[in-house]
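Heads up, the thing below is written out as structure tokens.
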Amino acid sequence: LTVCMSTLAQAGEIVRVSGKATDKIINMEPVYGTPGPTRFAYRSVAKGIARAAGDAVFDGAERTIRANWDIQGGVGTGNGFFTVVKGSDSAGGQWNGMCSTVLDKDGKPSTYCAGGWTFSPNGGSGAFATLSGGGSWTGTVSPDGGFDGAFEGQYTR
């Protein structure tokens, strides 16, 4: 998660946010099916560390993504929750999206995803206690099973 902000937000101020994320899956639990052309549903947990530019408040924060996926024939939907924790400050929210797998010219699969995210109002603590807002995200599944993505949006503090 890379977050770029020009200044730290004052109470009630709207702040634009954008960045990148690299998360690694630490747990994956099949619900039913197997990967492939048939239907495959699973739950996963992924973690990453925020890499932020400038004076971004999320620099160094731990990021945890909890996901529910339902994939059939390389196309599917996902949804879940996320938390961002830095010291005693934490924020949480929801996300949802869709993914599609395509074959490149060499026949290797590439999975692309896109969706939206929102902070849960009053769902945090410390400096992140009153964050609200949201935006969009895009990304790809990396060859090692991680997720490389980008996001943008805004929040109010």
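As numbered in the numbering used here, residues 97 to 253 make up the sequence shown, in order. Glycine included, C-beta positions come from ideal geometry on N, C-alpha and C.
Contact between Asp185 and Gly222 holds, since their C-beta atoms are separated by about 4 Å, short of 8 Å. Boundaries of the beta strand (DSSP E) around Lys120: Ile110 to Tyr128. Taking C-beta separations shorter than 7 Å and ignoring five residues to either side along the sequence, the partners of Met124 in its chain run Tyr138 and Ser140, following chain order.
Thr214 has Gln190 and Gly230 as its beta-bridge partners, per DSSP. Under DSSP, Pro205 takes part in a beta bridge, and its partners are Leu199. By the beta-carbon neighbour count (other beta carbons within 10 angstroms, threshold 16), Ala146 is buried. With a threshold of 16 other beta carbon atoms within 10 Å, Thr179 meets it and is buried. Using a 10 angstroms sphere on the CB of Ala225, the tally of other CB atoms stays under 16, which defines it as exposed.
Between the alpha carbons of Asp155 and Lys116 lies a gap of roughly 12 Å. By the neighbour-count criterion, in which a residue is buried when 16 or more other Cβ atoms sit within 10 angstroms of its Cβ, Arg159 is buried. With a contact defined as Cβ atoms closer than 8 Å, Ser196 and Tyr208 qualify at about 6 Å. Classified as buried, Gly235 has 16 or more neighbouring CB atoms from the shown chains inside 10 Å of its CB. Around the beta-carbon of Ala142, 16 or more other beta-carbon atoms lie within 10 Å, marking it buried. Per DSSP, the continuous beta strand (DSSP E) segment holding Gly176 begins and ends at Val171 to Lys182.
If you look at Gly245, you'll find it in the beta strand (DSSP E) that goes Phe243 to Thr252.
The beta carbon of Gln168 sits closer than 6 Å to the beta carbons of Arg135 from its chain, once the five residues preceding and following it are set aside; these are given in chain order.
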